[in-house]
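In what follows, a structure is listed as structure tokens, so that the remarks can point back to it.
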Ligand code: G4P
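Numbering (the numbering used here), first residue to last: 5 to 531.
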């Protein structure tokens, strides 16, 4: 068991849409022999959409909503890539996927640098102190100056960087990269486009004649200057800092032409960690602990139209999972057998007999799981720290049109909220039946309406609400009914009964804090 766990590497790839996440994932799978042809990742996604009904919407929009997990073997490692949806409207799903990863690979478009989505995702990684590896992509196109890119990363994210390699030119003049550790040039030629392996050329940077031959005197001079500057002024390499998430190793390359991907993969696997320990309310669980434990980080409904099923994805935190074994669902307070445990092996969904800490398994969910739930060995009964609920950014009031269908409406909206696709709130003791829905991206409203209609047969009326800010009340002694608030502030509860306040502007939050002594507010919720 220990051997199996220690060879696992579980990471997420994050990026702003279009930076090249799908392309890089595809190339990594190629090295693992998990796919034969480039293009299969996208191909696979299309095939899967054909069998899942609510993703019709996704197909119409031509965007990727769902995230999946892919496992493959490479060089003795068992790699789990947690793929995250690229569209910014689905960032909450991405946030949660990051909770299941032990490290993150951040793909950046060399021409664009840091983009809004990268910024948001980085914050989540930083919150968990997970190691972040940066892949600066598309060097075969015109790019920003690499020194500027490095400086931007350090300034914006407040972390150190250590370029593992350094680009030589870009776009039409892209000549390759200089490997700082091996001190050799990895040459890029048109001939290498899309090739699996790329020949490295050992080339002493001071041997001006042979370097000139390879990259020309102008680029040689620039490379020598840049490297000198990096050696003197940039951070030193320190693996402990990398693993603590304080120093990000940076790689330059071009995923599309498969340039620098293999070097990245090898170096990344050496530096990243096997499954990390996880905190519970009372103790820290070592992945090598023989008792099985896992937490649910994602729930996906109706992946298969024929079965109307719901799958809960859980990340195994310790021990070994065995099919048929009875485990304990902590939040439900019940012993359970996990039905139809499955894993994504490249393109196939397979029923599995066993899995280990670091792995992600999908299990059939009869509607009992919520995001953040713990499942563990019966003698364990731990509770992993919840997955933070992020503040929704858009609010609407949702009412059913057909007043007779109350039951279906309640069930539908509750199930969708349990999956974490939306957050629902209601006004306590008001007698009003209105449900307030909060989402991170507005497209989720459409997904909600579509699913309520197709899966539950409910038509709804939606009205946008003007709230801008949301805060969970973090002081148990405060009675929300007695608070002094601006007239447009609303007290609501989430479906777990936590108290919150909805504000129309930032200054109303300040007002609430100023006028109510002892009131503590939080921007996200862990329960
Ligand atoms: P994403 O998952 O992060 O959203 O990005 P994706 O990999 O889909 O890449 C976005 C576009 O950028 C794609 O082009 C892809 O081919 C291109 N791309 C990715 N890596 C590189 C690279 O290293 N160099 C260059 N020049 N282009 C790259 P597209 O035309 O939008 O899609 P497609 O028609 O090629 O699938």
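No residue lacks a Cβ here, since even glycine has one placed at the ideal position from N, Cα and C. Keep in mind that this is a model prediction, so the values were computed, not measured.
Tell me whether residue i counts as near ligand 1, meaning its Cβ is closer than 7 Å to at least one heavy atom of that ligand.
{"i": "residue 24", "result": "yes"}
{"i": "residue 177", "result": "no"}
{"i": "residue 259", "result": "yes"}
{"i": "residue 367", "result": "no"}
{"i": "residue 478", "result": "no"}
{"i": "residue 27", "result": "yes"}
{"i": "residue 123", "result": "no"}
{"i": "residue 141", "result": "yes"}
{"i": "residue 145", "result": "yes"}
{"i": "residue 19", "result": "yes"}
Let's test the definition: count the other Cβ atoms within 10 Å of the Cβ of residue i and tell me whether it reaches 16, buried, or not, exposed.
{"i": "residue 511", "result": "exposed"}
{"i": "residue 5", "result": "exposed"}
{"i": "residue 133", "result": "exposed"}
{"i": "residue 25", "result": "buried"}
{"i": "residue 465", "result": "exposed"}
{"i": "residue 235", "result": "exposed"}
{"i": "residue 382", "result": "exposed"}
{"i": "residue 355", "result": "exposed"}
{"i": "residue 375", "result": "buried"}
{"i": "residue 167", "result": "buried"}
{"i": "residue 282", "result": "buried"}
{"i": "residue 357", "result": "exposed"}
{"i": "residue 186", "result": "exposed"}
{"i": "residue 522", "result": "exposed"}
{"i": "residue 302", "result": "buried"}
{"i": "residue 68", "result": "Note that residue 68 scores 39 on pLDDT, short of 50, meaning its location in the model is unreliable; the coordinates nonetheless yield the value given after this. When all chains shown are included, residue 68 counts as buried."}
{"i": "residue 9", "result": "buried"}
{"i": "residue 230", "result": "buried"}
{"i": "residue 210", "result": "exposed"}
{"i": "residue 370", "result": "exposed"}
{"i": "residue 106", "result": "buried"}
{"i": "residue 319", "result": "buried"}
{"i": "residue 40", "result": "Model confidence at residue 40 stands at a pLDDT of 44, short of 50, so the residue's coordinates are unreliable and nothing is read from them."}
{"i": "residue 66", "result": "Annotation note: pLDDT 38 at residue 66 (below 50); position unreliable, coordinate value reported separately. With fewer than 16 Cβ atoms within 10 Å of its Cβ, residue 66 is classed as exposed."}
{"i": "residue 171", "result": "buried"}
{"i": "residue 288", "result": "exposed"}
{"i": "residue 248", "result": "exposed"}
{"i": "residue 461", "result": "exposed"}
Quickly, what does DSSP pair residue i with across the bridge? List them, please.
{"i": "residue 578", "result": "Because the chain in this structure spans residues 5 to 531, residue 578 falls outside the shown range and cannot be described."}
{"i": "residue 19", "result": "111"}
{"i": "residue 74", "result": "85"}
{"i": "residue 473", "result": "507"}
{"i": "residue 495", "result": "505"}
{"i": "residue 360", "result": "324"}
{"i": "residue 354", "result": "347"}
{"i": "residue 212", "result": "DSSP output for residue 212 lists no bridge partner at all."}
{"i": "residue 252", "result": "165"}
{"i": "residue 14", "result": "84"}
{"i": "residue 2", "result": "It is not possible to answer for residue 2, since the shown part of the chain is limited to 5 through 531."}
{"i": "residue 366", "result": "317 and 346"}
{"i": "residue 258", "result": "263"}
{"i": "residue 145", "result": "DSSP, once it has assigned bridges, lists no residue as partnering residue 145."}
{"i": "residue 525", "result": "477"}
{"i": "residue 205", "result": "189"}
Could you tell me if the beta carbon of residue i falls within a distance shorter than 7 Å of some heavy atom in ligand 2?
{"i": "residue 111", "result": "For the structure depicted, ligand 2 is absent and the ligand set comprises only ligand 1."}
**OP:** Kindly provide the ranges of any alpha helix (DSSP H) runs that are 4 or more residues long and lie completely inside the stretch 368-453, ordered along the chain.
**Re:** 410-422
**OP:** Taking 8 Å as the threshold, find out whether the stretch 482-500 comes into contact with the stretch 425-439 through three or more Cβ pairs.
**Re:** yes
Original post:
Taking three-plus beta-carbon pairs below 8 Å as touching, is the stretch 154-161 in contact with the stretch 266-275?
Top reply: no
Original post:
In the stretch 260-348, which residue ranges form an unbroken alpha helix (DSSP H) of at least 4 residues, counting only runs that do not cross its ends?
Top reply: 265-275
Original post:
Contact between the stretch 502-510 and the stretch 471-488: three or more CB pairs below 8 Å?
Top reply: yes
**OP:** State whether the stretch 330-343 contacts the stretch 393-400, with contact taken as three or more CB pairs (one from each stretch) at a distance under 8 Å.
**Re:** no
Original post:
Counting pairs of Cβ atoms below 8 Å between the stretch 419-426 and the stretch 477-488, do you hit three or more?
Top reply: no
Original post:
Is there contact here, the stretch 356-373 with the stretch 9-21, by at least three beta-carbon pairs under 8 Å?
Top reply: yes
Original post:
If you pair each beta-carbon of the stretch 443-454 with each one of the stretch 479-491, do three or more pairs fall below 8 Å?
Top reply: no
Original post:
Can at least three beta-carbon pairs, one atom from the stretch 138-147 and one from the stretch 251-261, be found at a separation below 8 Å?
Top reply: yes
Subject >> Start-end ranges of the beta strand (DSSP E) lying completely within the stretch 112-141, minimum 3 residues >> reply: 136-141
Original post:
If we count Cβ pairs, one from each stretch, closer than 8 Å, do we get three or more for the stretch 98-113 versus the stretch 452-467?
Top reply: no
Original post:
Contact between the stretch 241-251 and the stretch 114-128: three or more CB pairs below 8 Å?
Top reply: no
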